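Asks:
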Amino acid sequence: MSLLPDSLKMLVAGRMIHPERVDGSVYYIACPETLRLKIGYTKGNPVARLRALRTGSPTDIRLMAVHPGSLNDEHTIHGYFAEQRLHGEWFEVDEALFEFMSYVAWSTVAISKYRGTEAPQWAMLGLDSVEDAINAMPVDELAGKLQEVADEHNS
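Take 2 as the starting number for the sequence shown in the numbering used here and just add one per residue.
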């Protein structure tokens, strides 16, 4: 049983299908040592944002996920995970937040495969191939969500 509401999954799926409808990216940068995650928004390059944050970080931090998004999307996601908020844009990683990160990564791999593009390395979930990553998550769930979004935009 999923810990995530369909509305949160639909938000991510919709942004991945129609990235041209937003002006930036929502990124997720984690500190594996502390199990903390920064959920942020940028109009620029998320990798450049990671580099800037590394300069002031006393611990290793890594880019865990990125998806097209807006400042409002970032606020929506912050609101959903409000109970896990530590301070500012930093959150404690729990089961629901981990499931969300997995959903974003898997969705990215699935969309990349559909579009015939290479999936970013961060989205591979530590797996060796796109097929392994696709098989790591429930295909029917994402396929259903993507179809709902497509149907909604085509009507």
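Just so you know, even glycine gets a beta-carbon here, dropped at the ideal spot from N, CA and C. Given the structure is predicted, the values throughout are model-derived calculations rather than measurements.
Taking C-beta to C-beta, are Leu4 and Glu100 nearer than 8 Å?
Replies: Closer than 8 Å, so yes.
Asks: If we count the other Cβ atoms within 10 Å of its Cβ and call it buried at 16 or more, is Leu87 buried or exposed?
Replies: Answer is exposed; the Cβ neighbour count stays below 16.
Asks: Can you tell me which of Thr118, Ala83, Cys32 puts its alpha carbon nearest to the alpha carbon of Ala66?
Replies: Nearest of Thr118, Ala83, Cys32 to Ala66, Cα basis: Cys32.
Asks: In the DSSP assignment, the alpha helix (DSSP H) including Glu100 goes from what residue to what residue?
Replies: Residues 96-116.
Asks: Mind reading off the beta-carbon distance from Arg16 to Asp74? Whole number of angstroms is fine, and I expect it under 8 Å.
Replies: 7 Å between Cβ atoms; contact.
Asks: What residue from Leu51, Ala97, Asp24, Ala53 has the CA that sits closest to Ala83's CA?
Replies: Answer by Cα proximity: Ala97.
Asks: To which residues of the same chain is Ser113 closer than 8 Å at the C-beta, ignoring the five residues directly before and after it?
Replies: The residues are Glu119, Ala120, Pro121, Ala124, Val131.
Asks: Do you know how far the Cα of Tyr115 is from the Cα of Leu54?
Replies: About 32 Å.
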